[in-house]
Amino acid sequence: MRQVLALSAMVCSLSFSSVALADDQATTELRTLLSHISQYKAMFKQTITDTEGNVVHEANGNIVLARPDKLRWETVSPDENTLVADGETVWNIDPFVEQVTIIDQKKAVKDNPIMLITATDDETWSKFVVRKADAASDEYFVTPVNQEGQIRELTLIFSDDALVGLTTLDAQEQISSLKFSAVETQFPLAADAFTPSFSDSYIVDDQR
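Residue numbering for the sequence shown is -22 to -1, 1 to 186, as defined by mature numbering (1 follows the signal peptide of the UniProt record, and there is no 0).
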């Protein structure tokens, strides 16, 4: 469950400039950038801070993405945790408590805008507003139309058209900052990359 909360803690509080790029144009730009990423692999470092700027959690791990709608998110320290999305279902595998939480991926997209990175359908994108501070900016601010989810804002950060970081703001106003390194967009993709694997002894909480 910690990984669900950690993922749900992905977004940074940002005030949008009065000269913010029009939503439709920013959305088109972001979708075009992401469409060039058929697959993506990187190491990440995550830092979560509270409303007073105090660091409350740090983590390191690996992320693998493939379009459409596939994600593998592995935290390796300080605690192991794996989140796998295969396009229909999301599994959150927590070895510490030996439990697997299963949810419908459409619900996960609603609660976690990070899933937009691999989304290709118009229906999913229609649930979010995308803005830029100005035309030259490499940062895209994503806000759910429906603010009932855990994630309130997401910022995707690019450099030379490559995704290098993201920040999030959650409902408790905690900020999660992720920096990506060792980024690869062309690599052999393992056949089981988006197949969950866990012991039969694990407790399964199926929320689909």
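In this text, a Cβ means the ideal position worked out from N, Cα and C, and glycines have one as well. The structure displayed is predicted, hence computed values, not measured ones.
Check                                                                                                         : Outcome
Cβ neighbours of D184 in the same chain (closer than 6 Å, five flanking residues each side left out)          : I80
Own chain partners of D28 with C-beta closer than 6 Å, once the 5 adjacent residues on each side are dropped  : V34, Q152
Unbroken alpha helix (DSSP H) run spanning D100, endpoints                                                    : 100 to 103
Short Cβ contact (8 Å threshold) for V120 with L94                                                            : yes
D2 in three-state terms, based on DSSP                                                                        : helix
Other residues of its chain near Y180: CB distance less than 8 Å, five sequence neighbours each side excluded : I71, E76, Q77, V78
Residue span of the beta strand (DSSP E) that contains N38, given as start and end                            : 33 to 44
The beta strand (DSSP E) enclosing M21, as first and last residue numbers                                     : 17 to 27
Whole-angstrom distance between S175 and R130, CA atom to CA atom                                             : 31 Å
Beta-bridge pairing of N124 - partner residues as DSSP gives them                                             : Its beta-bridge partners do not exist; DSSP assigns none.
Contacting residues, own chain, Cβ-Cβ under 8 Å from K23 (five flanking each side not counted)                : E36, A37, N38, L156, K157, S159
Residue range of the beta strand (DSSP E) that includes I181                                                  : 181 to 184
Cβ-based neighbour list, Q17, same chain, cut-off 8 Å, excluding 5 preceding and 5 following                  : V42, L43, A44, R45, T163, Q164, F165, L167
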